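Novice: Numbering (full-length UniProt numbering), first residue to last: 1 to 601. Glycine included, each C-beta is placed from N, C-alpha and C at the ideal position. Since the structure is predicted, the reported quantities are computational estimates derived from the model, not experimental observations.
#1: Let me make sure I understand the geometry here. Which of 316, 424, 130 has the alpha-carbon closest to that of residue 481?
#2: Report the rounded CA-to-CA distance for residue 556 versus residue 419, giving the unit in angstroms.
#3: So residue 220 packs on residue 300, CB below 8 Å; how close in whole Å?
#4: Hey, residue 60 and residue 90 are a contact pair by Cβ (cut 8 Å); roughly how many whole angstroms apart?
#5: Does DSSP classify residue 328 as helix, strand or coil?
#6: What does a CB cutoff of less than 6 Å around residue 542 pick up in its chain, not counting 5 residues either side in sequence?
#7: Mind checking residue 445: buried by the 16 CB within 10 Å criterion, or exposed?
#8: Answer yes or no: does any C-beta atom of chain C fall closer than 8 Å to that of residue 281?
#9: For residue 124 and residue 156, what's the separation of their Cα atoms in angstroms?
#10: Grab the span of the beta strand (DSSP E) containing residue 425 for me, first residue to last.
#11: Pick out whichever of 321, 361, 33, 306 has its Cα sitting closest to the Cα of residue 66.
#12: Can you grab the Cα-Cα spacing for the pair residue 335 / residue 455, in whole Å?
#13: So, are the CB atoms of residue 245 and residue 186 less than 8 Å apart?
#14: Looking only at DSSP bridge pairs, what is residue 551 linked to?
#15: Using three-state DSSP, classify residue 67 as helix, strand or coil.
#16: Are the beta-carbon atoms belonging to residue 75 and residue 117 less than 8 Å from one another?
#17: Beta carbon of residue 472, beta carbon of residue 495: below 8 Å?
#18: To which residues does DSSP link residue 217 through a beta bridge?
#19: Does DSSP put residue 448 in a helix, in a strand, or in coil?
#20: From which residue to which residue does the alpha helix (DSSP H) around residue 42 run?
#21: Within the chosen definition, does the stretch 171-186 reach the stretch 279-290 through at least 3 CB pairs nearer than 8 Å?
#22: Can the beta-carbon of residue 235 be found closer than 8 Å to that of residue 263?
#23: According to DSSP, simplified to helix, strand and coil, what is residue 530?
#24: From the DSSP output, read off the bridge partner residues of residue 413.
#25: Buried or exposed: residue 255, going by 16 or more other Cβ atoms within 10 Å of its Cβ?
#26: Label residue 340 either buried or exposed according to how many other C-beta atoms from any shown protein chain fall within 10 Å of its C-beta, with 16 as the threshold for buried.
#27: Between which two residues does the alpha helix (DSSP H) containing residue 100 stretch?
#28: Work out the CA separation of residue 552 and residue 538 for me, nearest whole Å.
#29: Within a Cβ cutoff of 6 Å, which residues of the same chain sit near residue 530, ignoring the five residues on either side of it in sequence?
#30: To the nearest angstrom, how far is it from the Cα of residue 477 to the Cα of residue 439?
#31: Specify whether the stretch 311-320 and the stretch 200-220 touch according to this definition: at least 3 beta carbon pairs, one from each stretch, less than 8 Å apart.
#32: Within 10 Å of its beta-carbon, does residue 197 have 16 or more other beta-carbons around it, so buried, or fewer, so exposed?
#33: Any idea what DSSP makes of residue 440, helix, strand or coil?
#34: For residue 192, write down the residues that DSSP places opposite it in a beta bridge.
#35: If you reduce the DSSP assignment to three classes, tell me which class residue 604 lands in.
#36: Alpha carbons only, please: which of 558, 534, 378, 509 is nearest the one belonging to residue 540?
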């Protein structure tokens with residue numbers, strides 16, 4: 001050690017190192033260099049804080065050994081500062097529990113080397129001061145480690161609180177988004193409501209490029225209130241959910257779909273005219289599927305295109321709704337005209353039925369007298385073959401009039417629809433074979449039991465199949481299928497014949513309307529009345545040159561239909577009795593004459 005007092009005395013360790021340095025200077029400085037490199041390596045090469053106690057002491061001893069070696073070999077360099085620095089680094093890198101032991105070791109080694117190197121009369125005071133320096137460094141490092149520990153603890157706590165805040169903010173944002181999304185959604189279908197749809201349209205218009213178009217399509221179920229009244233609100237909700245699900249499934253994924261104002265839907269879609277056409281075709285196909293599987297639901301559509309017809313979202317939606325309103329008024333006007341026409345036809349039918357009753361009675365007498373006269377007079381006999389068929393033809397015509405206006409009670413009973421169709425096929429298969437056509441029957445996997453008037457349903461199926469056979473060209477086909485769907489029965493009769501012309505389509509159920517050269521045109525009218533009396537619907541689709549399809553929907557069970565039918569029958573009987581009493585006349589002798597047993601009644 002450097003001596004800065006003249007009273008210093010050198011001890012044995014000083015002389016040993018001096019002699020070694022004089023004899024082996026290279027080896028001496030080599031040891032100094034190795035010790036320096038080792039010390040620097042241990043102090044500054046990033047050795048981490050050790051956790052195991054044995055490793056902590058080993059590290060401390062290696063550092064202390066390096067410092068002590070340099071202290072011994074460099075007698076003229078003051079090493080106290082090096083000891084203190086090395087002690088501080090070791091204490092900083094080790095656990096607090098080892099601070100006292102490490103401090104004692106460093107102070108002891110330093111004092112021993114210092115004592116065996118030099119000595120003077122003030123040495124004890126100097127050693128005490130140096131010990132206090134070692135203790136001060138240890139205390140300072142202890143405070144520093146505790147401060148760092150607190151800082152790390154507060155950092156971790158702050159990080160934990162920050163994570164909690166971010167997590168709560170994320171949950172709050174998700175909850176807010178959920179509330180906002182719920183507010184923008186329809187409760188029944190899960191689609192956007194009007195407010196949500198408007199926001200989507202605004203966002204879509206912002207993203208639209210200069211050469212892109214955005215279409216809004218409004219759809220209204222025109223007679224849906226009647227469906228709710230007849231079938232119930234639950235059934236109506238099922239149709240709305242089914243329509244929403246099918247539209248969402250079949251429309252392009254980028255289309256925005258909404259339901260608002262009860263039975264109205266809206267679709268927003270970006271694209272050219274072909275995309276709009278695809279959207280309209282999809283709506284038509286989905287509605288056809290619902291009509292085939294559930295019930296008759298008429299609809300109308302209004303469209304608008306941005307930027308060709310509107311410059312903003314509000315204007316675009318308003319224009320589509322205005323066009324939808326125009327279509328609604330047109331549909332209501334057509335329905336009102338149809339209702340008035342049916343009322344007029346009904347009045348004409350009632351009048352025709354009354355006339356048929358009045359004509360049929362004398363016609364029966366005329367037929368009997370012709371038969372009697374033909375048996376007695378050969379001049380009349382030669383005209384009998386002409387007169388009687390004409391009388392029969394008139395009688396058949398009157399019978400059809402009566403069938404159209406007749407209100408006799410239906411005889412509701414449960415029967416197998418599969419067996420009924422088999423009976424019809426046994427009647428019509430020979431006719432179709434002779435005509436060169438085919439009747440194909442597609443029966444369901446499970447037999448369908450229905451409560452209805454079997455004879456009337458049989459009459460409907462026969463009429464529709466016969467109409468299909470008469471519309472076929474060479475080697476045509478009529479397909480008959482039926483199945484049970486949600487408490488109802490769907491009967492489909494489809495042919496690949498000539499179809500129905502568009503100008504005739506709205507009149508096919510009118511009485512006396514026919515496009516054939518023969519017939520009275522009352523077959524479909526009778527079928528329509530029978531289906532309505534059973535609480536069902538009949539829906540027709542046709543394409544000229546490709547065929548016609550009749551879809552009949554009937555309830556599986558009749559509710560109070562028998563009572564209603566009987567009441568109608570009693571009212572009709574009372575009306576007829578009043579008419580007969582009003583028009584009653586005295587009978588002539590010819591009318592009192594007994595009629596032959598072969599007369600038609």
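Specialist: For this structure:
#1: 424
#2: 16 Å
#3: 6 Å
#4: 5 Å
#5: helix
#6: 499, 500, 548
#7: exposed
#8: Absent from the structure: chain C. Only one protein chain is present.
#9: 48 Å
#10: Where residue 425 is concerned, there is no enclosing beta strand (DSSP E), although the alpha helix (DSSP H) it sits in stretches over 417-435.
#11: 33
#12: 31 Å
#13: no
#14: 492, 539
#15: helix
#16: yes
#17: yes
#18: 267, 303
#19: coil
#20: 25-44
#21: no
#22: no
#23: helix
#24: 452
#25: buried
#26: exposed
#27: 99-115
#28: 4 Å
#29: 456, 460
#30: 6 Å
#31: yes
#32: buried
#33: strand
#34: 185, 258
#35: Only positions 1 to 601 of the chain appear in the structure, and residue 604 is not among them; the question remains open.
#36: 509
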